[in-house]
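In the numbering used here, the protein residues as written are 25 to 153.
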């Protein structure tokens, strides 16, 4: 699904994995419900789950994707993608949240467990051995 987030990174990773495994196929950017036709599977990348859910819902993609998944389309979600798949989501800091979800994976996910995105960071860390 190519709404927001790490779309290009996932496209590149999928193409590389297919090449290494000697698999033929293509990776398509899904932005509209019509893009769901003729797919063998779908990957929902990381990003901001509320944004992805709201935009997908507004475009009619969320409902169409839910139907395809319930009909057996394999799906894989990373980070925000996993949040969108969950039946229930709560925020570790503010509690229950109201955001569009697919609700196809029987899990409860705590989002922002380590804080909001502005408090997230990366740092090079030297660990003496």
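Where is the CB? At the ideal position from N, CA and C, for every residue including glycine.
Note that the structure is predicted; figures quoted are calculated from it, not measured.
For residue i, list the residues DSSP reports as bridge partners.
i: residue 120; result: 114
i: residue 87; result: Note: residue 87 sits in no beta bridge, so no partner.
i: residue 99; result: 66
i: residue 42; result: Partner(s): none; residue 42 has no beta bridge.
i: residue 129; result: 110
i: residue 134; result: 114
Output the distance between the C-alpha atoms of residue i and residue j, rounded to the nearest integer angstrom.
i: residue 95; j: residue 62; result: 13 Å
i: residue 66; j: residue 153; result: 41 Å
i: residue 35; j: residue 119; result: 33 Å
i: residue 47; j: residue 37; result: 13 Å
i: residue 60; j: residue 44; result: 26 Å
i: residue 41; j: residue 29; result: 20 Å
i: residue 110; j: residue 132; result: 6 Å
i: residue 72; j: residue 104; result: 6 Å
i: residue 135; j: residue 113; result: 7 Å
i: residue 55; j: residue 147; result: 33 Å
i: residue 51; j: residue 107; result: 22 Å
i: residue 4; j: residue 151; result: A question about residue 4 goes unanswered here, because the residues of the chain that appear run from 25 up to 153.
i: residue 115; j: residue 121; result: 6 Å
i: residue 99; j: residue 83; result: 19 Å
i: residue 117; j: residue 49; result: 42 Å
Determine the closest residue to residue i out of the options, with distance taken between C-alpha atoms.
i: residue 31; options: 58, 100 and 68; result: 68
i: residue 80; options: 57, 93, 70 and 99; result: 57
i: residue 27; options: 75, 149 and 106; result: 75
i: residue 124; options: 64, 78 and 53; result: 78
At a Cβ threshold of 8 Å, is residue i touching chain C?
i: residue 109; result: Among the chains of the structure shown, chain C does not appear; only one protein chain is present.
query = Within the chosen definition, does the region 116-135 reach the region 82-90 through at least 3 CB pairs nearer than 8 Å?
reply = yes
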